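Student: Below is the structure I would like to discuss, written out as structure tokens.
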Amino acid sequence: MLDGLLLGLSTAFSLKNLLMVIAGCLVGTFIGMLPGLGPMSIIAIMIPVAISLGDPSTALILLAGVYYGAIFGGSTSSILINAPGVAGTVATSFDGYPLAQKGQAGKALAIAAVCSFCGGTIGALLLVGFAPALASVALLFHSAEYFALMMVGLSAIAAFAGKGKVAKALLMTILGLMLSTIGESALFNAPRFTMGVQDLQSGVSFITLAMAMFALPEVFHMVLDPSRGLQGESNKQIKNLSVTKNEVKKIAPVVARQSLQGFFIGVMPGAGATIASFLGYAVERNIARPEEQKEFGKGSIKGLAAPETANNAACTGSFVPLLTLGIPGSGTTAILLGALIALNVSPGPRLMIDSPEVFWSVIVSMYIGNLVLLLLNLPLIPYIAKVLSVPRNYLVPFILFFTLMGAYIGQNNATELLLLVGLGICATVLRFADYPLAPLLIGFILGGMMEDNFARAMNITDGVSFMWERPGTLVLLIIGMALIAIPAYRNRGR
Amino acid sequence: MRLDRCVALLFLVVSIVYGLAAYHFPILPFERNMAFLPNTLPKVLSIAGALLSLFILLSPSDSMESTDIDFRKFRLGQASGLILGMVCYAVLLRPVGFITATILFILGSSMVLGERKLYRLLLIAFIAAFSIWYLVQETLGIYLSPWPRFLS
Chain V
1387 MLDGLLLGLS TAFSLKNLLM VIAGCLVGTF IGMLPGLGPM SIIAIMIPVA
1437 ISLGDPSTAL ILLAGVYYGA IFGGSTSSIL INAPGVAGTV ATSFDGYPLA
1487 QKGQAGKALA IAAVCSFCGG TIGALLLVGF APALASVALL FHSAEYFALM
1537 MVGLSAIAAF AGKGKVAKAL LMTILGLMLS TIGESALFNA PRFTMGVQDL
1587 QSGVSFITLA MAMFALPEVF HMVLDPSRGL QGESNKQIKN LSVTKNEVKK
1637 IAPVVARQSL QGFFIGVMPG AGATIASFLG YAVERNIARP EEQKEFGKGS
1687 IKGLAAPETA NNAACTGSFV PLLTLGIPGS GTTAILLGAL IALNVSPGPR
1737 LMIDSPEVFW SVIVSMYIGN LVLLLLNLPL IPYIAKVLSV PRNYLVPFIL
1787 FFTLMGAYIG QNNATELLLL VGLGICATVL RFADYPLAPL LIGFILGGMM
1837 EDNFARAMNI TDGVSFMWER PGTLVLLIIG MALIAIPAYR NRGR
Chain C
179 MRLDRCVALL FLVVSIVYGL AAYHFPILPF ERNMAFLPNT LPKVLSIAGA
229 LLSLFILLSP SDSMESTDID FRKFRLGQAS GLILGMVCYA VLLRPVGFIT
279 ATILFILGSS MVLGERKLYR LLLIAFIAAF SIWYLVQETL GIYLSPWPRF
329 LS
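These protein sequence lines map, in sequence, to chains V and C.
Oh and the first sequence: position 455 is 1841 in our numbering, straight run, nothing missing.
Oh and the second sequence: position 1 is 179 in our numbering, straight run, nothing missing.
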């Protein structure tokens, strides 16, 4: 293993490869900030550039830089303007945006960058040590376990069910699940609930719904009530990155737990960063002390650190099935698989034997990508955070424009923009009526995957007996139910 | 009636309509023997949605947080202007092109919010529209028609 690591280090530390990782991180960060362009689309766009480089190691180093940069860029737009461009950064906005609203945008971005770095680095260490062993464990997960895992992910809604809001949070989750049933599904032959509208055949787009639920109500609220938003926070405070010793002590155990949890969830094909981030958020909220629990959703640094660490660790974990079995565990790794094949490299059990320089340079480039991203972005954070000090008359139109553009680029369809406006108005009304909107998005994101896996498991066993016959499913379902029921029970008297 | 209860009532109607659509969903002959049908989950969701809506509607007022809001102090005119601007952007994006529509949208919405420095605004709007168009179309290869149809 040591020889392999040295081989990877010597490849990755050449001047050309270092320049590639820096370029990749910068490109990924800046394009990733645009809502609608997540890591998957940016990597897909960069593949021709990577292939033109010729050398598979250099190409993969460039793509790894782009990947990590895009994830951080997505978190930036979630924290600063409450516009999560990809599902994996939705949980980041739960506490990242309230922190930015409190005038602590710089601190929120710094915590996000450091936690991402830690999650990615610990994940890369685990990848080196446990990749072959974990690959065989991942194959033991079937539809039944995936369904149960989605149920555990759905338990993140408990974080928004406080103080008389249990029924409202559940109602919003059901609305999200209902929206996820619109359009075509991989399992069924006819599109559902499209009401004859051609543009709804492929369902409601995630990006449109995310913008409508998070960014638009925030902007409309800011316009309707100008006293909201940043109130007299100085530029100095917004740009301030300093994290106190006490805060570091609070975050450290979260980072350790979520790096492990996120990595293991990422290893399972199909689970990925989204489930890892929701689950990380739910778990940290449930194990926090009661006074800390109240802070979740209102600007808790633990609530920001958990999803940021988990999603980066999960991204690294998703490389385990790709590199060891040749199975892409997520959309992004599927695109990377395509790039590897185009470069005449076949991932799988023989990759480590046939092309050790590629295997190890990918792993080393993950370390370097994370480190470069941290070193590049920390000095840039004060300037990025300054976005919030732009006058309202300029900031609001630009947020609206980026929201519209995100929805348009994703679907290349102007009808999507009208849907965005309609959903945005509905979301604003729901917000005034004190209905939490995050559960709606959680239900929508997990709903499709949950239904597919449940249907597959049910059709295989011809019933629901898989829920108690498969020990893994049963354990996961009990954990999921407990994560929803315990906080609801605790909140009953408040 | 309080706003949250109005929403619950509306959701009750939505759940009933959704449930009816689910019950009448056409099932293909070979699907009939499957354990899980395309309308299985929608049926469950419609029942759960209706029950939860009824629970919110019938709960005593003090068990829910108060959502009384004084809408009179809100700037409804500005918000309506922005919504109208977004609808116009959606309608005009293809006929007038990305750069033109974006400049008009940023100009219009900033003016709705009270901005009056037109030349500065025009310059900022042009730079923003052009640079985003250049990035998306020329660098990333995603087609966006920049100008009105008759000029393209």
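Cβ atoms here follow ideal geometry from the backbone N, Cα and C, with glycine treated the same way.
It should be emphasised that the depicted structure is a prediction, and the values quoted were computed from it without experimental measurement.
Find the residues of chain C that neighbour V:Arg1778, judging by a C-beta separation of less than 7 angstroms, and give them in chain order.
Tutor: Stepping through the first sequence from its first residue, residue 1778 of chain V is reached at position 392. Those are Leu291, listed as they occur along chain C.
Student: According to DSSP, is C:Arg183 part of a helix, a strand, or is it coil?
Tutor: For the purposes of this step, residue 183 of chain C is taken as the residue at position 5 of the second sequence. Reduced to three states, the DSSP call for C:Arg183 is helix.
Student: Strictly by DSSP, which residues pair up with C:Arg298?
Tutor: Along the second sequence, read from residue 1 onward, the residue named residue 298 of chain C stands at position 120. Partner(s): none; C:Arg298 has no beta bridge.
Student: If you draw a straight line from the C-alpha of C:Val317 to the C-alpha of V:Ser1443, how long is it?
Tutor: Counting from 1 along the second sequence, the entry for residue 317 of chain C is found at position 139. Counting from 1 along the first sequence, the entry for residue 1443 of chain V is found at position 57. Per the sequence presented here, residue 317 of chain C reads as Thr, with Val not at that position. C-alpha separation (whole angstroms): 24 angstroms.
Student: Starting from V:Arg1578, follow its DSSP beta bridges and name the residues at the other end.
Tutor: Counted from its first residue, the first sequence places residue 1578 of chain V at position 192. BP columns for V:Arg1578 point to V:Gly1569.
Student: Give the residues of chain C in contact with V:Leu1827, contact being defined as C-beta atoms less than 7 angstroms apart.
Tutor: The residue you call residue 1827 of chain V lines up with position 441 of the first sequence. Simply none; closest approach about 16 angstroms.
Student: For C:Arg250, would you say it is in contact with chain V, using Cβ-to-Cβ distances shorter than 8 angstroms as the test?
Tutor: Working through the second sequence from its first residue, we reach residue 250 of chain C at position 72. No, no contact with chain V.
Student: For V:Gln1368, is the classification buried or exposed, using 16 other Cβ atoms within 10 angstroms of its Cβ as the cut-off for buried?
Tutor: Coverage of chain V is limited to positions 1387 through 1880, which leaves residue 1368 of chain V absent and any answer about it impossible.
Student: Show which residues of chain V have a CB atom less than 7 angstroms away from the CB atom of C:Val314.
Tutor: The sequence position of residue 314 of chain C within the second sequence is 136, counting from 1. The contacting residues are Ile1795.
Student: Answer with yes or no whether the minimum CB distance from V:Pro1425 to chain C is below 8 angstroms.
Tutor: Taking the first sequence and counting its residues from 1, one reaches residue 1425 of chain V at position 39. Closer than 8 angstroms: no.
Student: Starting from the beta carbon of C:Ile194, find every residue of chain V whose beta carbon is closer than 9 angstroms, and list them in chain order.
Tutor: Residue 194 of chain C sits at position 16 when you count from the first residue of the second sequence. None at all; the shortest Cβ gap to chain V is about 12 angstroms.
Student: What is the DSSP secondary structure of V:His1607, counted as helix, strand or coil?
Tutor: What you label residue 1607 of chain V is simply residue 221 of the first sequence in a count that begins at 1. If DSSP states are grouped into helix, strand and coil, V:His1607 belongs with the helices.
Student: Could you say which of V:Thr1719, V:Pro1484 and V:Val1500 lies nearest to V:Leu1764 if we only look at CA atoms?
Tutor: Indexing the first sequence from 1 puts residue 1764 of chain V at position 378. Nearest of V:Thr1719, V:Pro1484 and V:Val1500 to V:Leu1764, Cα basis: V:Val1500.
Student: Quick check on V:Val1850: does DSSP put it in helix, strand or coil?
Tutor: Numbered from 1 along the first sequence, position 464 holds the residue referred to as residue 1850 of chain V. Three-state result, V:Val1850: coil.
Student: Going along chain C in order, which residues have a C-beta closer than 8 angstroms to the C-beta of V:Thr1567?
Tutor: For the purposes of this step, residue 1567 of chain V is taken as the residue at position 181 of the first sequence. Going along chain C in sequence order, the residues near V:Thr1567 (Cβ under 8 angstroms) are Leu219, Pro220 and Leu223.
Student: Just confirm the distance between the C-beta atoms of V:Lys1493 and V:Asn1626, as a whole number of angstroms; I'd bet it's less than 8 angstroms.
Tutor: Counting from 1 along the first sequence, the entry for residue 1493 of chain V is found at position 107. Counting from 1 along the first sequence, the entry for residue 1626 of chain V is found at position 240. With a Cβ gap of about 6 angstroms, V:Lys1493 and V:Asn1626 count as contacting.
Student: How would you call V:Gly1833, buried or exposed, if buried means at least 16 neighbouring beta carbons within 10 angstroms?
Tutor: By 1-based counting over the first sequence, the position of residue 1833 of chain V is 447. Classification for V:Gly1833: buried.
Student: Measure the alpha-carbon distance for V:Ser1566 versus V:Gly1829 and round it to whole angstroms.
Tutor: For the purposes of this step, residue 1566 of chain V is taken as residue 180 along the first sequence, with counting starting at 1. For the purposes of this step, residue 1829 of chain V is taken as residue 443 along the first sequence, with counting starting at 1. Taking the straight line from one Cα to the other gives about 8 angstroms.
Student: Rounding to the nearest angstrom, what Cα-Cα distance links C:Ala186 and V:Pro1822 in this structure?
Tutor: Stepping through the second sequence from its first residue, residue 186 of chain C is reached at position 8. Stepping through the first sequence from its first residue, residue 1822 of chain V is reached at position 436. Near 13 angstroms, if we compare the C-alpha coordinates of V:Pro1822 and C:Ala186.
Student: Less than 7 angstroms between C-beta atoms, sequence neighbours within five positions excluded: which residues of the same chain meet that for V:Met1752?
Tutor: Taking the first sequence and counting its residues from 1, the one referred to as residue 1752 of chain V is at position 366. So the list reads Ala1450, Gly1506, Ala1510 and Thr1702, once near-sequence residues are dropped.
Student: For V:Val1815, return the contacting residues in chain C, with the cut-off set at a CB-CB distance below 8 angstroms.
Tutor: Position 429 of the first sequence, counting from 1, holds the residue named residue 1815 of chain V. The contacting residues are Leu181 and Val185.
Student: Tell me which residues share the same chain as V:Ala1728 and place their Cβ nearer than 6 angstroms to its Cβ, disregarding the 5 neighbours each side in the sequence.
Tutor: The sequence position of residue 1728 of chain V within the first sequence is 342, counting from 1. So the qualifying residues of the chain are Ile1437.
Student: Whose Cβ in chain C lies nearer than 8 angstroms to the Cβ of V:Ile1811?
Tutor: By 1-based counting over the first sequence, the position of residue 1811 of chain V is 425. Chain C residues near V:Ile1811: Ile261.
Student: What does a CB cutoff of less than 7 angstroms around C:Val363 pick up in its chain, not counting 5 residues either side in sequence?
Tutor: This structure does not reach residue 363 of chain C, given that chain C is present from 179 up to 330, and the question cannot be answered.
Student: At a CB-CB cut-off below 7 angstroms, which residues of chain C make contact with V:Phe1574?
Tutor: As a working note, residue 1574 of chain V is residue 188 in the first sequence. By Cβ distance, chain C contributes Pro216.
Student: Quick check on the DSSP output: the alpha helix (DSSP H) that includes V:Ile1749 runs from which residue to which?
Tutor: Here residue 1749 of chain V is taken as the residue at index 363 of the first sequence, counted from 1. Counting along the chain, the alpha helix (DSSP H) containing V:Ile1749 begins and ends at Pro1742 to Ala1771.
Student: Comparing alpha-carbon positions, which option in V:Phe1852, V:Met1844 and V:Pro1825 lies nearest V:Ile1870?
Tutor: Along the first sequence, one-based indexing puts residue 1870 of chain V at 484. Among V:Phe1852, V:Met1844 and V:Pro1825, the Cα nearest to that of V:Ile1870 belongs to V:Pro1825.
Student: Which residues bound the alpha helix (DSSP H) around C:Ala268?
Tutor: For the purposes of this step, residue 268 of chain C is taken as the residue at position 90 of the second sequence. Counting along the chain, the alpha helix (DSSP H) containing C:Ala268 begins and ends at Leu254 to Val274.
Student: Quick one: grab the DSSP three-state call for V:Asn1427.
Tutor: Position 41 of the first sequence, counted from the start, is the residue given in the question as residue 1427 of chain V. The question names Asn, yet the displayed sequence has Ser at residue 1427 of chain V. Three-state result, V:Ser1427: helix.
Student: Note down the Cα distance separating V:Leu1760 from V:Phe1503, rounded to an integer number of angstroms.
Tutor: As a working note, residue 1760 of chain V is residue 374 in the first sequence. As a working note, residue 1503 of chain V is residue 117 in the first sequence. Whole-angstrom Cα-Cα distance: 7 angstroms.
Student: Please determine if the stretch 1460-1475 of chain V and the stretch 1649-1666 of chain V are in contact, where contact requires at least 3 C-beta pairs separated by less than 8 angstroms.
Tutor: These segments touch.
Student: If the cut is a Cβ gap below 8 angstroms, which residues of chain C does V:Tyr1821 touch?
Tutor: Within the first sequence, residue 1821 of chain V is the residue found at index 435, counting from 1. Ordered by position in chain C, the residues that pass the 8 angstroms Cβ test against V:Tyr1821 are Asp182 and Val185.
Student: Applying the 10 Å Cβ sphere with the 16-neighbour rule, what's the burial state of C:Phe208?
Tutor: As a position in the second sequence, residue 208 of chain C is number 30, starting the count at 1. The residue is exposed, with fewer than 16 neighbouring Cβ atoms inside 10 Å.
Student: So what does DSSP say about V:Pro1484, is it helix, strand or coil?
Tutor: For the purposes of this step, residue 1484 of chain V is identified with residue 98 of the first sequence, where counting begins at 1. Reduced to three states, the DSSP call for V:Pro1484 is helix.
Student: Chain C partners of V:Asp1389, CB-CB under 7 angstroms?
Tutor: Taking the first sequence and counting its residues from 1, the one referred to as residue 1389 of chain V is at position 3. Within chain C, no residue comes near V:Asp1389; the closest Cβ sits about 40 angstroms away, beyond 7 angstroms.
Student: Quick check: what's the CA-CA separation for V:Met1419 versus V:Met1791?
Tutor: Mapped onto the first sequence, residue 1419 of chain V falls at position 33. Mapped onto the first sequence, residue 1791 of chain V falls at position 405. Taking the straight line joining both Cα atoms gives about 12 angstroms.
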